[in-house]
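Just below is one structure, and these are the notes that go with it.
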Amino acid sequence: MFKLLKLIFIVCIFMFFSGLLSFCRLYSHFLLMLLSLKFMMLSLFLCFFCYLMSFTYSLYCLIIFLVFMVCEGVLGISLLIKMIRCHGNDNLLSFKF
């Protein structure tokens with residue numbers, strides 16, 4: 194049981210750092226950054242879920258975490274739509290801040 198749980202945590206850590214690496218490498222396009230952030234949040238959700246299920250804690254905090262994930266996704270999509278309407282693309286390197 195503990196070996197499987199340890200393997201799942203290792204996979205979650207690998208997923209998180211691969212999402213972080215893709216977030217750092219693909220900083221020029223906003224949509225790819227959003228996908229990388231969602232992948233990192235999904236790996237954190239899997240890690241929290243396995244942790245809470247191993248100790249039989251309440252899963253209410255996971256529901257709150259899912260609500261924040263959805264709010265982050267909606268905010269990112271709305272910013273992406275605003276950028277595309279104003280500038281015509283999602284390439285962050287073409288903007289002058």
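Residue numbers for the sequence shown follow the working numbering, beginning at 194 and rising by one.
Cβ atoms here follow ideal geometry from the backbone N, Cα and C, with glycine treated the same way.
Since the structure is predicted, the reported quantities are computational estimates derived from the model, not experimental observations.
Review point. How many Å lie between residue 236 and residue 256 at the Cα?
Key: 15 Å
Exercise for review: Measure the alpha-carbon distance for residue 204 versus residue 254 and round it to whole angstroms.
Suggested key: 22 Å
Practice item. Assign residue 246 to one of two classes, buried (16 or more other C-beta atoms within 10 Å of its C-beta) or exposed (fewer than that). Key: exposed
Check your understanding: So residue 280 is in the alpha helix (DSSP H); what residue range does that whole segment cover?
Key -> 253-280
**Study point:** Separation of residue 265 from residue 250, as counted between CA atoms
**Key:** 25 Å
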